[in-house]
Amino acid sequence: MKRIFSILALLFISLTACKKDRVSKDTAVKDADPIVQEPVFTYGNLSGSIYPAGAAEKITLTSDSDPNVAAVVQLDPITGNFSKWELKPGTYHLIVLPKSSYALTTTDYSIQITEGETTAVGTIIAEEKSPEPDKTYSFSYKLNGSRESYGDRSTYNGTDLKITGRRSEGTYQKLGYATFETTLSVTGVTEPGDYDAKMTYVTTKGTIGYRTWGSAAEGGSAKVTVTTIDPVNKKISGSFTATLVPIAGTSGTLNVTEGTFNINY
Numbered sequence: 003m004k005r006i007f008s009i010l011a012l013l014f015i016s017l018t019a020c021k022k023d024r025v026s027k028d029t030a031v032k033d034a035d036p037i038v039q040e041p042v043f044t045y046g047n048l049s050g051s052i053y054p055a056g057a058a059e060k061i062t063l064t065s066d067s068d069p070n071v072a073a074v075v076q077l078d079p080i081t082g083n084f085s086k087w088e089l090k091p092g093t094y095h096l097i098v099l100p101k102s103s104y105a106l107t108t109t110d111y112s113i114q115i116t117e118g119e120t121t122a123v124g125t126i127i128a129e130e131k132s133p134e135p136d137k138t139y140s141f142s143y144k145l146n147g148s149r150e151s152y153g154d155r156s157t158y159n160g161t162d163l164k165i166t167g168r169r170s171e172g173t174y175q176k177l178g179y180a181t182f183e184t185t186l187s188v189t190g191v192t193e194p195g196d197y198d199a200k201m202t203y204v205t206t207k208g209t210i211g212y213r214t215w216g217s218a219a220e221g222g223s224a225k226v227t228v229t230t231i232d233p234v235n236k237k238i239s240g241s242f243t244a245t246l247v248p249i250a251g252t253s254g255t256l257n258v259t260e261g262t263f264n265i266n267y
């Protein structure tokens, strides 16, 4: 009887120990931090080129999913080839900044990057800008025998020519300050030749106000001879004469002789 009791007691102790060990292990599992699985990306690549090779100042790439992140795309200045590797799949914007002497139809290209593939943009063509023509202003004439020369603002649209010259004397808002403005207008100018024109001459001196002469009033006249029209370099040149009669605030006739213009438009 005692032997049976001893066996039962030993069995009870063993079961209790196993239960405590299992509870301890379960508690340890519950208390442990969960395992966070990091997302796994399969990357894609980008390649392309720009022509001419030296047309781009910089190329950058931004992601639609995070516009604040911008990456500089490696650009070969000799070949014009560019590439960017190991990009997360998604939609990107390829931003091309051209150099000042080049222009692009668009500078923002939408690019789709696919995992495991290289997206070929192709060749981006840049146009070289035409150089600005040298601005050589020449607009002068003799007014009653005295030479007057001006810087000019000129327009010519293929038929109508307008030249406006302005100059001043003295210090603005000071005693003796004066302004002078001459406008020469010709219509129907399509080729070199002789044309009737209109010319005005306006001055202001101190508190006297405006004094105006012109060719359009009775007794006035203006003639222009266009000698060259250069549409490539946007230059037009010629000569002119005029008789300007008083229109407002003045008297006396002004004779314009030896007038010449050689201007950009």
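First residue of the sequence shown? That's 3 in the numbering used here, and the numbers climb one at a time after it.
C-beta atoms are modelled at their ideal positions from N, C-alpha and C, and glycine is treated no differently.
Remember, predicted model here, so these are calculated numbers, not experimental data.
Per the coordinates, the alpha-carbon of E183 lies some 6 Å from the alpha-carbon of Y203. At the C-beta level, I61 and F84 come within 9 Å of one another. Here A180 is exposed. Its C-beta has fewer than 16 other C-beta atoms within 10 Å. If one requires a minimum length of 3 residues, the beta strand (DSSP E) runs lying completely within the stretch 100–173 are 110–115, 120–127, 141–145, 148–158 and 163–171, in chain order. In the structure shown, V234 falls within a coil segment according to DSSP collapsed to helix, strand and coil. Collapsing the DSSP output to three states places V75 in coil.
In this model, Y212 and Y104 are separated by some 47 Å (Cα to Cα). By a beta-carbon distance limit of 8 Å, T229 does not contact G190. Their separation comes to about 16 Å. Apart from the 5 residues on each side of it in sequence, T214 sits with its Cβ closer than 6 Å to the Cβ of V204, I249 and A250 in its chain, given in chain order.
T108 and F242 have their alpha carbons spaced roughly 46 Å apart. By the criterion of at least three beta-carbon pairs nearer than 8 Å, the stretch 146–165 is not in contact with the stretch 73–90. Rounded to whole angstroms, V226 and A219 show a C-alpha spacing of 18 Å. In this structure, L163 sits near I238, with a CB-CB distance shorter than 9 Å. Short of 7 Å from the beta carbon of P194, and not among the five residues preceding or following it, lie these beta carbons of its own chain, in chain order: V228, T229, T230 and I231. Closest in C-alpha terms to D66, from the list D110, N146 and P54, comes D110. Cβ contact annotation for A57 (same chain, cutoff 7 Å, sequence separation greater than five): P100, K101, Y104 and A128, in chain order.
The three-state reading of DSSP puts V204 in strand, counting E and B together.
Only exposed fits Y45, as fewer than 16 other CB atoms lie within 10 angstroms of its CB.
An exposed status is given to K176, since fewer than 16 other beta-carbon atoms sit within 10 Å of its beta-carbon. Boundaries cannot be given for I80, as no beta strand (DSSP E) includes it and DSSP labels it neither H nor E. Judged by DSSP in its simplified three-state form, Y94 adopts strand. Following the DSSP letters along the chain, one finds E260 inside the beta strand (DSSP E) bounded by residues L256 to N266.
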